[in-house]
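S.K.:
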Amino acid sequence: MATTRSLHILKRQQHFLNKVYSTWLARGFANKSDEGWLSSMFAHKVDARKDAHSNLLSKKETSNLYKIQFHNVKPECMEAYNKMSDEVQKELHRDADYPCEVVGSWNTWYGEQDQAVHLWRYSGGYPALTECLRKLNRNTAYLAFRKERSKMLISRRSQLLLEFSFWNEPAPRSGPNIYELRTYQLLPGTMIEWGNHWARAIKYRQENNEAVGGFFTQIGELYVVHHLWAYKDLQSRKETRNAAWLKEGWDANVHYTMPLIQKMESRIMIPMEHSPLQ
Numbered sequence: 015m016a017t018t019r020s021l022h023i024l025k026r027q028q029h030f031l032n033k034v035y036s037t038w039l040a041r042g043f044a045n046k047s048d049e050g051w052l053s054s055m056f057a058h059k060v061d062a063r064k065d066a067h068s069n070l071l072s073k074k075e076t077s078n079l080y081k082i083q084f085h086n087v088k089p090e091c092m093e094a095y096n097k098m099s100d101e102v103q104k105e106l107h108r109d110a111d112y113p114c115e116v117v118g119s120w121n122t123w124y125g126e127q128d129q130a131v132h133l134w135r136y137s138g139g140y141p142a143l144t145e146c147l148r149k150l151n152r153n154t155a156y157l158a159f160r161k162e163r164s165k166m167l168i169s170r171r172s173q174l175l176l177e178f179s180f181w182n183e184p185a186p187r188s189g190p191n192i193y194e195l196r197t198y199q200l201l202p203g204t205m206i207e208w209g210n211h212w213a214r215a216i217k218y219r220q221e222n223n224e225a226v227g228g229f230f231t232q233i234g235e236l237y238v239v240h241h242l243w244a245y246k247d248l249q250s251r252k253e254t255r256n257a258a259w260l261k262e263g264w265d266a267n268v269h270y271t272m273p274l275i276q277k278m279e280s281r282i283m284i285p286m287e288h289s290p291l292q
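Under our numbering, the first residue of the sequence shown is numbered 15, with each subsequent residue one higher.
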């Protein structure tokens, strides 16, 4: 049974590759310009936009703003960093005066090592973010935490995100789970096209409740997409991803979105003890 299923997956993947190859050949022989057919294989036409992609792709019923933080921690400080982050995040959650909450906190297992990733939600959008920062800058305990934390870090960066309208709202879940953060740097001008394809394709990736959240950047590195997935373990991840190739339509999504990507990255992450996503 397993062998038959594997052969089915391989056939669908081969079918996808054949379609790509045929498309490249067709473009090559049709294009007789001085640039040559090889360059035409990778050309991508960007359609004119009628509105900002933030308005076209984000959820209209909510005004949530997300922030993702990447902290590269000194290896010898990771345990102390995790403990201190736990205490501070719990304190902020208990204080209703702060319009923010931690969606999830992780340590990277495979990918960039000695790294912590935090995903925050600001209920109320940019005004909530501004209010929260103003209050934190007057919070002496938080300022002391930030000063102590700086001694533990090698580098840090953050991005402000909106969530795609067609993805699940990230909600706490019990574990144990591992999480995969797949990050895509898209070609400028292709966010709408990406969203249109994934709005149809997300249905192929929801049967095992693996889809946690999908986001795109507003401030920081632009034209960046983050897809967050949850799996019981690495074997479950493999089986779930292979199963998608058995569904008619998934190969088309891969075929049409791959040319939109400049760079992609995968992180496998383990939840911290205090993370709402376990």
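Ideal placement from N, C-alpha and C gives every residue a C-beta, glycine not left out.
(1) Between the stretch 165 to 174 and the stretch 195 to 204, do three or more beta carbon pairs fall short of 8 angstroms?
(2) In this structure, does DSSP put residue 112 in helix, strand or coil?
(3) Would you report the Cα separation of residue 108 and residue 254, rounded to the nearest angstrom?
(4) Taking the straight line between their C-alpha atoms, what separation do you get for residue 105 and residue 143?
(5) Whole beta strand (DSSP E) runs in the stretch 183 to 240 with 3 or more residues, listed along the chain?
(6) For residue 286, name the three-state secondary structure that DSSP assigns.
(7) Answer yes or no: do residue 288 and residue 170 have a C-beta to C-beta separation smaller than 8 angstroms?
(8) Considering only the beta carbon of each residue, do residue 290 and residue 131 sit closer than 8 angstroms?
(9) Mind checking whether residue 82 and residue 232 have CB atoms under 8 angstroms apart?
(10) Mind checking residue 52: buried by the 16 CB within 10 Å criterion, or exposed?
(11) Looking only at its own chain, which residues have a Cβ that is under 7 angstroms from the Cβ of residue 40, when we skip the five neighbours before and after it?
(12) Quick check: what's the CA-CA separation for residue 148 versus residue 269?
(13) Is the beta carbon of residue 225 less than 8 angstroms from the beta carbon of residue 264?
(14) Can you give me the Cβ contacts of residue 281 inside the same chain, cut-off strictly under 6 angstroms, excluding the 5 residues immediately before and after it?
(15) Could you give the C-beta distance for residue 292 and residue 187, rounded to a whole number, given that I count them as a contact under 8 angstroms?
M.R.: This is what the structure holds:
(1) Taking 8 angstroms as the limit for Cβ pairs, the verdict is that the stretch 195 to 204 does not touch the stretch 165 to 174.
(2) In this structure, residue 112 counts as coil in the three-state DSSP scheme.
(3) Rounded to whole angstroms, residue 108 and residue 254 show a C-alpha spacing of 37 angstroms.
(4) Rounded to the nearest angstrom, the two C-alpha atoms are 17 angstroms apart.
(5) DSSP runs (the beta strand (DSSP E)) wholly in the stretch 183 to 240: 192 to 200, 225 to 233.
(6) Looking at residue 286 - three-state DSSP - the assignment turns out to be coil, as it is neither helix nor strand.
(7) In this structure, residue 288 keeps its C-beta atom at 8 angstroms or more from the C-beta atom of residue 170.
(8) No, these two residues do not count as a Cβ contact at 8 angstroms.
(9) A distance of 8 angstroms or more separates the beta carbons of residue 82 and residue 232.
(10) With a pLDDT of 38 at residue 52, under the threshold of 50, the modelled position of this residue cannot be trusted, and the question is left open.
(11) In this prediction, residue 40 has a pLDDT of 39, which is less than 50 and means its spatial position is unreliable; what the coordinates show is noted afterwards. Excluding sequence neighbours, residue 40 sits near nothing in its chain.
(12) If you draw a straight line from the Cα of residue 148 to the Cα of residue 269, it comes to about 46 angstroms.
(13) Their beta carbons are not under 8 angstroms apart, which means residue 225 does not touch residue 264 by this criterion.
(14) Answer for residue 281: 122, 125, 195, listed in chain order.
(15) Right, their Cβ atoms sit about 6 angstroms apart.
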